[in-house]
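Input: a single structure, listed below in C-alpha cells.
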Amino acid sequence: MAKKKKLGYEESLHKLEEILNKVENEDIPIDQLTAYVNESMELLKNCKAMLKNAENRVEGAFNDLEE
Numbered sequence: 153m154a155k156k157k158k159l160g161y162e163e164s165l166h167k168l169e170e171i172l173n174k175v176e177n178e179d180i181p182i183d184q185l186t187a188y189v190n191e192s193m194e195l196l197k198n199c200k201a202m203l204k205n206a207e208n209r210v211e212g213a214f215n216d217l218e219e
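As C-alpha cells, this is what we get:
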C-alpha cells in the first residue's frame, strides 16, 4: 500500500476549506460526510503538529539568543 504524502500547512488549510465548502453547499450522503469529518480531523491534527513544531523552533531560537 502506498504511503500518503504528508501535506504542508497551507495545503492542509486549502483542503480543509474545500471540504468545508462542499459540506456547506452540497447535499452529501452520510457515508461521504463521515469520510470528510475523518479527513478533516487528520488535517487538523497535521496543522496542530506543524504549529506546535514551529512554536518550539521559535522558542528555541529565542532561547539561543539569550545565551
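Going left to right, the sequence shown walks through residues 153 to 219 as our numbering numbers them. By construction, the Cβ of each residue, glycine as well, lies at the ideal position given by its N, Cα and C atoms.
For isoleucine 182, which of helix, strand or coil comes out of DSSP?
Here isoleucine 182 sits in helix by DSSP.
Please classify methionine 153: does DSSP put it in a helix, a strand, or coil?
Note on methionine 153: pLDDT 46, under 50, position unreliable in the model; no value is reported.
Are the segment 200-217 and the segment 175-184 touching by the rule of at least three beta carbon pairs closer than 8 Å?
At 8 Å Cβ cutoff, the stretches do not touch.
Considering Cα atoms alone, identify which of Gln184, Glu219, Lys200, Asn190 is closest to glutamate 162.
Between glutamate 162 and the set Gln184, Glu219, Lys200, Asn190, the nearest pair of CA atoms involves Lys200.
Measuring straight from C-alpha to C-alpha, what distance separates alanine 187 and glutamate 194?
Alanine 187 and glutamate 194: Cα-Cα distance of roughly 11 Å.
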